[in-house]
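**Student:** In the working numbering, the protein residues as written are 2 to 109. For every residue, glycine included, the Cβ atom is placed at its ideal position computed from N, Cα and C. Nothing here was measured: the structure is a model prediction, and the numbers come from that model. The structure under discussion is supplied below as structure tokens; questions concerning it will follow.
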């Protein structure tokens with residue numbers, strides 16, 4: 002994998018991670034009674050993410066692998082009120098799957 006392809010993959014993963022934060026917080030806030038712990042956890046992760054330095058980008062384990070737990074929070078969050086949020090959840094999870102498969106194929 003060339004350096005520019007690696008940069009594109011990391012930029013995609015970074016944008017997907019931000020989307021996962023937003024969708025998780027939106028889903029959890031729509032059904033607050035069922036998702037109170039998930040909302041608190043997602044907000045804590047978002048604060049940690051916003052304070053993280055750019056030096057993580059130089060490590061072998063980049064942002065998408067350091068903050069992998071946000072995808073699990075997204076899987077656990079439920080929403081019964083807004084149908085489009087469920088579609089956003091599916092799109093973000095499909096995008097995360099695509100990024101993981103690409104990463105595994107490129108580094109194996």
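For the alpha helix (DSSP H) that residue 75 lies in, which residues bound it at each end?
**Tutor:** 70-77
**Student:** Quick check on DSSP: helix, strand or coil for residue 80?
**Tutor:** coil
**Student:** Hey, residue 27 and residue 97 are a contact pair by Cβ (cut 8 Å); roughly how many whole angstroms apart?
**Tutor:** Wrong, their Cβ atoms sit about 17 Å apart, outside the cutoff.
**Student:** Write down the C-beta distance between residue 72 and residue 10 rounded to the nearest angstrom, noting that I regard them as a contact closer than 8 Å.
**Tutor:** The Cβ separation is near 16 Å, so there is no contact.
**Student:** Decide yes or no for the touch test of the region 75-95 against the region 23-41: beta carbon pairs closer than 8 Å, at least 3 of them.
**Tutor:** They touch, by the three-pair rule.
**Student:** Helix, strand or coil for residue 109? Go by DSSP, reduced to three states.
**Tutor:** DSSP places residue 109 outside both helix and strand once states are collapsed to three, so it counts as coil.
**Student:** For the alpha helix (DSSP H) containing residue 42, list its first residue and its last residue.
**Tutor:** Note, residue 42: alpha helix (DSSP H), 33-52.
**Student:** Between which residues of its own chain and residue 29 is the CB-CB distance below 7 Å, once the five residues before and five after are set aside?
**Tutor:** 36, 39, 40, 43, 78
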